[in-house]
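Enquirer: One structure, as structure tokens, below. Some questions next.
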Amino acid sequence: MAVPKKIFLIAAARPNFMKVAPLWRAMALCPGTLQPLLIHTGQHYDHNMSDVFFEDLGLPAPHVHLGVGGGSHAQQTAGVMVKFEDLCQGERPDLVVVVGDVNATMATSITAAKLHIPVAHVEAGLRSRDMTMPEEINRLLTDAIADLLFTPSPDADRNLLAEGVAPSRIRLVGNIMIDSLVGAVQKARTLDTCARLGLETGEFGVVTLHRPANVDDPDTLARILDVLVGMRIPLVFPVHPRTRLVMQKHGLDARCGLTGSLVILADPMGYYEFMNLVVNAKLILTDSGGIQEEATWLGIPCLTLRPNTERPITITEGTNELATVGSLAAQAADILAGRWKKGRVPDLWDGATAPRIVAAIGEFLAAR
Ligand code: UD1
75 MAVPKKIFLI
85 AAARPNFMKV
95 APLWRAMALC
105 PGTLQPLLIH
115 TGQHYDHNMS
125 DVFFEDLGLP
135 APHVHLGVGG
145 GSHAQQTAGV
155 MVKFEDLCQG
165 ERPDLVVVVG
175 DVNATMATSI
185 TAAKLHIPVA
195 HVEAGLRSRD
205 MTMPEEINRL
215 LTDAIADLLF
225 TPSPDADRNL
235 LAEGVAPSRI
245 RLVGNIMIDS
255 LVGAVQKART
265 LDTCARLGLE
275 TGEFGVVTLH
285 RPANVDDPDT
295 LARILDVLVG
305 MRIPLVFPVH
315 PRTRLVMQKH
325 GLDARCGLTG
335 SLVILADPMG
345 YYEFMNLVVN
355 AKLILTDSGG
365 IQEEATWLGI
375 PCLTLRPNTE
385 RPITITEGTN
395 ELATVGSLAA
405 QAADILAGRW
415 KKGRVPDLWD
425 GATAPRIVAA
435 IGEFLAAR
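Take the sequence shown: its letter number 330 is residue 404 in my numbering, and every next letter is one higher.
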């Protein structure tokens, strides 16, 4: 009998877990041919940034935890590369599958490629053209060396082709994160996160902010918070650890507690808990990549506080628009007045991306 192919699935930070889960499940259905192993690099380590997602998404504990933790970009990248190289030399996987655009996506891809282990990148081809974002550097480097490039939308294919990537490396498979969302919506609706926070269904907004450009400079963050405090709709804001650090250091929490403020600060939440908020929200204010896509799929108006997005389809087809600190209040007022596009769900965002990827991986490995 043939030995199953050993597949490393790399997970590092919060937005990775909901992308890895459907891949894990689809691969676990092929025990004779594929042996998926979850490798957690440790970039996110708090219970509510990591473990709770494993529990919510029904993932087993990671097979290997590299325990690299936080640090500067170089510390994180180098730390992952050193430990991952050791692991790859001991285990010799047949394929390394990376998702998204975090530091570990790039670090593990480079390490594997130099050991001549093939790499598959899920969510390939997205480009913001903004080289001040670490994620854009991670995306470009990963796509330059990955053997298989699984894209979520036709714009990603066009970006790769324009960079000279051979079409044989590209597979348009759809949006992997939507696989998790499709499976989560029903359960998320049964939770009582809204009620616990005293929020009425459809009568509040959800805020997430964690991009360095929005949160690292206290003056910028203070200006954003002032706009939020001025809005006349309750806003629930689960605060990312990076943002929390700056808010605490500069006493910005107090701004949200001013008389008349409808901003509710909360800790980071688990997947279902957070999705209960999103599915019941009237609007979303975010700088996250994934939430722009979730809002588009759910048809909920979304304002992305960034000058660009690597996910333009959420604007051209979905419910998303870019915003600045100066434009935020007027755009939110439009949404509250019902003046917003309805959007449509992009093709192949259908909850069946993981099986398409697993089929393509099977063909790729069989041909080697
Ligand atoms: C990282 C990703 C970003 C992704 C985001 C999602 C990169 C370059 N950035 O940014 O693309 O959108 O994750 O959350 O890979 N921290 C904790 N507890 C944790 C995790 C982080 O306290 O569980 C602290 C870290 O120690 C650090 C800060 O939060 O001080 C930022 O963490 P880091 O992983 O460096 O970057 P993110 O902003 O989370």
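Glycine included, C-beta positions come from ideal geometry on N, C-alpha and C.
#1: Tell me whether the stretch 76-89 and the stretch 153-173 touch, counting them as touching only if at least three CB pairs, one residue from each stretch, are closer than 8 Å.
#2: Strictly by DSSP, which residues pair up with T225?
#3: Does the beta-carbon of G364 have 16 or more other beta-carbons within 10 angstroms, so that it is buried, or is it exposed?
#4: According to DSSP, simplified to helix, strand and coil, what is G143?
#5: What do you reckon, is the C-beta of G144 under 7 Å from a heavy atom of the ligand UD1?
#6: Using 8 Å as the threshold, is the C-beta distance between V303 and L332 below it?
#7: Closer than 7 Å: is that where the CB of A236 sits relative to any heavy atom of the ligand UD1?
#8: Could you give the distance in angstroms between the alpha-carbon of A296 and the alpha-carbon of L326?
#9: Which one of P375, P167, L103 and F311 has the shortest CA to CA distance from A407?
#10: Cutting at 7 Å between CB atoms, please list the residues of its own chain near F438, excluding the five before and the five after it.
#11: Note down the Cα distance separating A87 from A434, rounded to an integer number of angstroms.
#12: Using the three-state DSSP reduction, which class does I374 fall into: helix, strand or coil?
#13: Could you say which of P315, V196 and L255 lies nearest to V353 if we only look at CA atoms?
#14: Using C-beta distances below 6 Å, list every residue in its chain close to H114, excluding the 5 sequence neighbours before and after it, in chain order.
#15: Considering only the beta carbon of each residue, do L112 and L131 sit closer than 8 Å?
#16: Contact between the stretch 206-214 and the stretch 240-247 is defined here as three or more beta-carbon pairs at a separation below 8 Å; is this criterion met?
#17: Where V419 and N249 are concerned, what is the direct C-alpha to C-alpha distance, given to the nearest angstrom?
#18: Determine the closest residue to V156 out of R166, A181 and G145, with distance taken between C-alpha atoms.
#19: For the stretch 296-340, which segments carrying the beta strand (DSSP E) assignment without a break, of at least 3 residues, lie completely within its bounds, in sequence order?
#20: When you compare the stretch 256-263 with the stretch 273-286, are there three or more beta-carbon pairs, one atom per stretch, that lie closer than 8 Å?
#21: Rounded to the nearest angstrom, how far is the Cβ of R316 from that of V289, given a contact under 8 Å?
#22: Going by alpha carbons, who is nearest to I307 out of V320, R99, K356 and K323?
#23: Mark V337 as exposed unless 16 or more other C-beta atoms lie within 10 angstroms of its C-beta, in which case mark it buried.
#24: Entirely within the stretch 384-422 and at least 4 residues each: give me those alpha helix (DSSP H) ranges in chain order.
#25: Does Q117 come out as helix, strand or coil in the three-state DSSP assignment?
#26: Hey, quick one: how far does the beta strand (DSSP E) through G436 stretch, first residue to last?
#27: Suppose the cutoff is 7 Å on Cβ atoms and the five residues either side in sequence are ignored; what does the same chain contact list for L339 look like?
#28: Leaving out five residues on either side along the sequence, give the residues of the same chain with a beta carbon under 6 Å from the beta carbon of G344.
#29: Classify G164 as helix, strand or coil using the three-state DSSP reduction.
#30: If you follow the alpha helix (DSSP H) that P171 is in, where does it begin and where does it stop?
Expert: Working from what's here:
#1: yes
#2: As a working mapping, residue 225 is identified with position 151 in the sequence shown. Beta-bridge pairing links T225 to L246.
#3: Sequence index remark: in the sequence shown, residue 364 carries index 290 (1-based). G364 is buried by the Cβ-count criterion.
#4: What you label residue 143 is simply residue 69 of the sequence shown in a count that begins at 1. If DSSP states are grouped into helix, strand and coil, G143 belongs with coil.
#5: By 1-based counting over the sequence shown, the position of residue 144 is 70. G144: yes, Cβ under 7 Å from the ligand UD1.
#6: The residue you call residue 303 lines up with position 229 of the sequence shown. The residue you call residue 332 lines up with position 258 of the sequence shown. Contact: yes.
#7: Numbered from its first residue, the sequence shown carries residue 236 at position 162. Not under cutoff, so the answer is no.
#8: Residue 296 sits at position 222 when you count from the first residue of the sequence shown. Residue 326 sits at position 252 when you count from the first residue of the sequence shown. Spanning the two alpha carbons is a distance of roughly 7 Å.
#9: If you number the sequence shown from 1, residue 407 lands on position 333. For the residues P375, P167, L103 and F311, the minimum Cα distance to A407 belongs to P375.
#10: For the purposes of this step, residue 438 is taken as residue 364 along the sequence shown, with counting starting at 1. Once the five neighbours on either side are set aside, the close Cβ partners of F438 are L222.
#11: As a position in the sequence shown, residue 87 is number 13, starting the count at 1. As a position in the sequence shown, residue 434 is number 360, starting the count at 1. Approximately 25 Å, taken between the alpha carbons.
#12: Mapped onto the sequence shown, residue 374 falls at position 300. In this structure, I374 counts as coil in the three-state DSSP scheme.
#13: For this step, residue 353 is matched to residue 279 along the sequence shown. Ranking P315, V196 and L255 by Cα distance to V353 puts L255 first.
#14: Taking the sequence shown and counting its residues from 1, the one referred to as residue 114 is at position 40. A85, P136 and H139, listed in sequence order.
#15: Numbered from 1 along the sequence shown, position 38 holds the residue referred to as residue 112. Numbered from 1 along the sequence shown, position 57 holds the residue referred to as residue 131. No.
#16: no
#17: Here residue 419 is taken as the residue at index 345 of the sequence shown, counted from 1. Here residue 249 is taken as the residue at index 175 of the sequence shown, counted from 1. When rounded, the distance between both Cα atoms is 11 Å.
#18: The sequence position of residue 156 within the sequence shown is 82, counting from 1. Nearest option by C-alpha distance: A181.
#19: 309-312 and 337-340
#20: no
#21: Here residue 316 corresponds to residue number 242 of the sequence shown, with the count starting at 1. Here residue 289 corresponds to residue number 215 of the sequence shown, with the count starting at 1. R316 to V289, Cβ: 6 Å. Contact.
#22: Along the sequence shown, read from residue 1 onward, the residue named residue 307 stands at position 233. The shortest Cα separation from I307 among V320, R99, K356 and K323 belongs to K356.
#23: Within the sequence shown, numbered from 1, the residue matching residue 337 stands at position 263. Flag for V337 reads buried.
#24: 387-390 and 402-410
#25: On the sequence shown, residue 117 is found 43 positions in, with the first residue counted as 1. Correct three-state label for Q117: coil.
#26: As a working mapping, residue 436 is identified with position 362 in the sequence shown. First-last for G436: T427 to A440, but that is the alpha helix (DSSP H), not the beta strand (DSSP E).
#27: In the sequence shown, the residue the question calls residue 339 occupies position 265. Closer than 7 Å at Cβ, skipping near neighbours: F311, V313, D327 and C330.
#28: Walking along the sequence shown from the start, residue 344 turns up at place 270. For G344, where only same-chain residues beyond five positions count, the Cβ hits under 6 Å are V126 and D130.
#29: Sequence index remark: in the sequence shown, residue 164 carries index 90 (1-based). Three-state result, G164: helix.
#30: Sequence index remark: in the sequence shown, residue 171 carries index 97 (1-based). Looking at the sequence shown, residue 171 is not Pro but Val. No alpha helix (DSSP H) contains V171, which is instead part of the beta strand (DSSP E) from L169 to V173.
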